[in-house]
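There are 2 protein chains.
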Amino acid sequence: MTEHSEDRREFLKVASLAGAALLANQGPSRAAEPGKAAAHSGQTAITAPTRFVEANGIRFAYRRFGKKGKLPLVFNQHFTGNLDNWDPAVLDGLAAEREVIIFNNAGVASSTGEVPATFAGMARNAEAFVDALGLKQVDLLGFSIGGMVAQQIVVDRPDLVRRLILVGTAPRNMDAGGGQGHVTPETAAVFGATYDPPENLWLKVFFTESEKSQAAGHEFLKRYFSRTVNRDVPVNEKVAPAQIAALGQWGDHPGERFAYLRDIHQPTLVLSGTHDTIVYTVNSLHLVQNLPNAKLVLYPDSNHGSWYQYHEAFVTEANRFLNEAEF
Amino acid sequence: MTEHSEDRREFLKVASLAGAALLANQGPSRAAEPGKAAAHSGQTAITAPTRFVEANGIRFAYRRFGKKGKLPLVFNQHFTGNLDNWDPAVLDGLAAEREVIIFNNAGVASSTGEVPATFAGMARNAEAFVDALGLKQVDLLGFSIGGMVAQQIVVDRPDLVRRLILVGTAPRNMDAGGGQGHVTPETAAVFGATYDPPENLWLKVFFTESEKSQAAGHEFLKRYFSRTVNRDVPVNEKVAPAQIAALGQWGDHPGERFAYLRDIHQPTLVLSGTHDTIVYTVNSLHLVQNLPNAKLVLYPDSNHGSWYQYHEAFVTEANRFLNEAEF
């Protein structure tokens, strides 16, 4: 066994702890706050029903709501996240101006199938999902590893995507501080620890240590639990290892660094926190310096969940961008 | 003579070429386009008269116009720039919501005195200018070396500054690609060349090589020449060497790298282009990763003049920030 695969094995062990934390993290552990913003379809992040569509032999779980008329915005989720892990403030803020579509990719939570061990595999499944909805073109958002899947979708199917939003993500061959399997040391440490209550994991993953950022984190947790009925099911124990393997393969990608980004001509909005410890901030700089037409926004004193901390600013920025502002 | 001082001597020789280009660059060489946006004071960047105020033994030339009511925004100018070098589209866009104040620091163009060889000296003069106007607090904008002066002003006089906008600038000990005197190799090359007409210098300094960016550059040059009466006088030959010396001292600053930024608590908006070759873009990342409360915006496919290329987006962003949006 090589040193590299030993490293990966060790990280997978750590990740199984994370899996335990996540499995324990699916139900509300405190009083919920009802959703405030009513989207124009009458549905919100709190009330939109979970629906299903079949493609590629997979039964995909998704929710679709928001104001009709513009291109829908399709969301690609972060590590071990399910339908409930999106911030309702962000979903409802965007749904006020367009349809939003959130879904579980294959093998995640209430979707059937297996999680592929590459983002290329996840992208193919996501493309099949979008095709199954009969959509010829969409706007695409990806958060963290979802941003890697989103990049791959645009590479595979350039005509399917009009505009791209990448949050807290990285190009192939990213900088991860020498962490094993291209996972930052902070990620391994934070996901390897236990939390009481378990959802406090997200205070570490998404927010900085500052008082202000932690306060924003507690507000986020309230929103996270504000959907109290028809919540999604937990992810199973096979999700984390497959997603981590995909991250390792993404980081190992051979060839000229960042060259593939030059072929992504969609207007792209890249966002992160000034202090993202999960996917280092500098990766967002690599993205905008190699994508032909990309703007960068970094929010102050914020970590991997910058857009949840600054959800109002994010919604303003993203709606403006999707409404075809030049930038 | 050390190798370092030889390098600097060589750069000063290059800079004298730049000086010649700049001296030749003060009058319009093409048909002018009148200013379009009327600021609320009735004055615009095209029509605002040049006024004078005395302080520190210096007679400062300045222009002040725009809608009264909020804190004025004071602008700190780039290398060898005078009152006419600000983009009228940016000035008028901001003047629609607040007073803007542009001025020549000591020794520059129509202001008397000598240009100090440090940004600390320039900051003291700028502070004397603001005090002489009777202003107890202002918002501050600095572009390129003007952003270095602006940082120093905030360090010197934290109570004088409410909010800070830093465009295309760098902290002390900046990254300049190993260029002599902390000047990037591209800067030395671009300012060392000659241009016909001379104002085409700015197409190289402010814009990328792309067709789209160059087209934006030609639009900028039209705006630059749109003030046809009461233009400022040229800078003299002593300005460039003193400003270059200040840049060298800023880059050499001893002590823990970027530590001084932690004491700047003003909400700060940092902006640059994704491909700034004059002050490398990565310096903007250093700024927001070390300032306690700073947001970064990088505009796509743009160089040192990113905010002139994306002047509409910049005006929207800056007005929102100065109107006390959180970020």
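As they're listed, the protein sequences go chains A and B. Using the numbering used here, read the first sequence as starting at 795 and increasing by one per residue. Using the numbering used here, read the second sequence as starting at 795 and increasing by one per residue. In this text, a Cβ means the ideal position worked out from N, Cα and C, and glycines have one as well.
{"Check": "B/R1056 and B/N967 closer than 8 Å at C-beta", "Outcome": "no"}
{"Check": "Distance CB(A/R853)-CB(A/F859) smaller than 8 Å", "Outcome": "no"}
{"Check": "Whole-Å CB distance - B/F869 paired with B/I895, under 8 Å assumed", "Outcome": "7 Å"}
{"Check": "Enclosing alpha helix (DSSP H) for A/F923 [first to last residue]", "Outcome": "F913 to A926"}
{"Check": "Distance, A/T981 Cα to B/D1095 Cα", "Outcome": "32 Å"}
{"Check": "Alpha-carbon spacing of B/G836 relative to B/L885, whole angstroms", "Outcome": "14 Å"}
{"Check": "Of the listed residues B/G940, B/V1029, B/G971 and B/K1089, nearest to B/G907 (C-alpha basis)", "Outcome": "B/V1029"}
{"Check": "Beta-carbon separation (whole angstroms), B/N1113 vs B/F1001, contact threshold 8 Å", "Outcome": "24 Å between Cβ atoms; not a contact."}
{"Check": "Pair within 8 Å by beta-carbon distance, A/A926 and A/A842", "Outcome": "no"}
{"Check": "C-alpha distance - A/Q1103 paired with A/V984, whole-angstrom precision", "Outcome": "19 Å"}
{"Check": "Residue of B/A903, B/V902, B/P866 and B/N899 minimising C-alpha distance to B/A890", "Outcome": "B/P866"}
{"Check": "Of the residues A/L995, A/R957 and A/G1045, the one placed nearest A/G875, counting alpha carbons only", "Outcome": "A/L995"}
{"Check": "Of the residues B/I1072, B/H1012, B/L1081 and B/L1065, the one placed nearest B/A1107, counting alpha carbons only", "Outcome": "B/L1065"}
{"Check": "Selected residue, minimal CA-CA separation from A/T838, among A/P1035, A/V977 and A/S1020", "Outcome": "A/S1020"}
{"Check": "Contacting residues, own chain, Cβ-Cβ under 7 Å from B/H1105 (five flanking each side not counted)", "Outcome": "D881, A883, V884 and G887"}
{"Check": "Counterpart residues of B/L958 in DSSP-defined beta bridges", "Outcome": "B/L934 and B/T1062"}
{"Check": "Chain B within 8 Å of A/V1109, Cβ atoms only", "Outcome": "no"}
{"Check": "Sequence-distant residues of the same chain with beta carbon closer than 6 Å to A/Y1018, five excluded per side", "Outcome": "none"}
{"Check": "Option nearest B/H872 by Cα separation, candidates B/T963, B/A1053, B/Y1093 and B/P952", "Outcome": "B/T963"}
{"Check": "Outcome for B/V1091 when other beta-carbon atoms lying within 10 angstroms are tallied against a minimum of 16", "Outcome": "buried"}
{"Check": "Contact with chain A by B/F1121, beta-carbon distance below 8 Å", "Outcome": "yes"}
{"Check": "Chain A within 8 Å of B/P1094, Cβ atoms only", "Outcome": "yes"}
{"Check": "Close-in-space but distant-in-sequence residues of the same chain around B/Q1039 (CB under 7 Å, 5 per side omitted)", "Outcome": "Before going further, note that residue 1039 of chain B is Ala rather than Gln in the sequence given. For B/A1039, where only same-chain residues beyond five positions count, the Cβ hits under 7 Å are A911."}
{"Check": "Backbone secondary structure at B/A849 - three-state DSSP", "Outcome": "strand"}
{"Check": "Nearest-angstrom beta carbon gap, A/W1101 and A/F942 [assumed within contact, 8 Å]", "Outcome": "The residue asked about is misnamed: residue 942 of chain A is Met in this sequence, not Phe. So it is not a contact: roughly 17 Å between Cβ atoms."}
{"Check": "Secondary structure of A/I939, DSSP reduced to three states", "Outcome": "helix"}
{"Check": "Residues sharing a beta bridge with A/F897, DSSP", "Outcome": "A/Y856"}
{"Check": "Beta carbon proximity, A/V1082 to chain B, threshold 8 Å", "Outcome": "yes"}
{"Check": "A/V932 CB to nearest heavy atom of the ligand ADP below 7 Å", "Outcome": "In the structure on display, the ligand ADP does not appear, and there are no ligands present to speak of."}
{"Check": "Buried or exposed (CB count within 10 angstroms, at least 16 for buried), A/S823", "Outcome": "Because the pLDDT at A/S823 is just 40, under 50, the model does not fix this residue reliably, and the point stays unresolved."}
{"Check": "Simplified DSSP assignment, three categories, for A/L1089", "Outcome": "In the sequence as displayed, the identity of residue 1089 of chain A is Lys instead of Leu. Here A/K1089 sits in strand by DSSP."}
{"Check": "Spatial distance of A/G936 from A/V948 (CA atoms)", "Outcome": "11 Å"}
{"Check": "Burial state of B/D1046, where buried means 16 or more other Cβ atoms lie within 10 Å", "Outcome": "exposed"}
{"Check": "Buried versus exposed, by CB contacts within 10 Å (16 or more), B/E893", "Outcome": "buried"}
{"Check": "Partner residues on chain A for B/P1086, Cβ-Cβ distance less than 9 Å", "Outcome": "S1004, P1094 and D1095"}
{"Check": "Simplified DSSP assignment, three categories, for A/L1081", "Outcome": "helix"}
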